[in-house]
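Here is the structure we will look at.
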Amino acid sequence: MTTAAEAAIELHVQRLVDAHGLDEPTARDAVDVYRRGERGEHHELVHRAAFEVLAALQGQNVAALLAAVRSVAERCFAALRPILETSTVGQPEDFGLVPVVEVEQPAAPRSRPARRRPAWQSPYGPPARRSRGR
């Protein structure tokens, strides 16, 4: 078993002892039964405690990651600040860009000619009449 797994088991046992009032041997037995995938006497309690331990570890990992990212971002911005302050970024001549040319807007589509018939009337004439059984 790795040291990380052993540390997680110790956290789990300690959580059961401190927060849920089990004695240490009972907590160790309950965690061992839970790790084997069996349902023991304290299954629900051990299951809940496992998620509490995972949430605590995840919170610690996220906090450490955010601190590292914040540190790197601050150092990058500190290094870029002199460049940004003296830069003329945004001036078209800095990039050798061609000035913007106004483009003519396309003409509006032609409107349809006025219709000589109502909208409900078919352009093909009235429907053919059916003969009644003859």
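Just so you know, we're using my numbering here: the sequence shown kicks off at 7 and counts up by one. Yeah, the Cβ is synthetic: ideal placement off N, Cα and C, and Gly gets one too. Everything numeric in this text was worked out from a predicted model, so none of it was measured.
N- and C-terminal bounds of the alpha helix (DSSP H) containing Arg41
Glu30 to Arg41
Any chance the region 13-23 sits against the region 34-47, with 3 or more Cβ pairs inside 8 Å?
yes
In the structure shown, what three-state DSSP assignment does Ala125 receive?
coil
With distances taken between CB atoms, is the gap from His18 to Val59 smaller than 7 Å?
yes
Buried or exposed (CB count within 10 angstroms, at least 16 for buried), Leu72
exposed
Assuming His26 and Leu51 are in contact, meaning their beta carbons sit under 8 Å apart, how far apart are those beta carbons, in whole angstroms?
6 Å
Can you have a look at His53 and say buried or exposed, based on whether 16 or more other CB atoms are within 10 angstroms of its CB?
exposed
Return the CA-CA distance between Glu44 and Cys82, expressed in angstroms with no decimal places.
51 Å
Three-state secondary structure (DSSP) of Ser77:
helix
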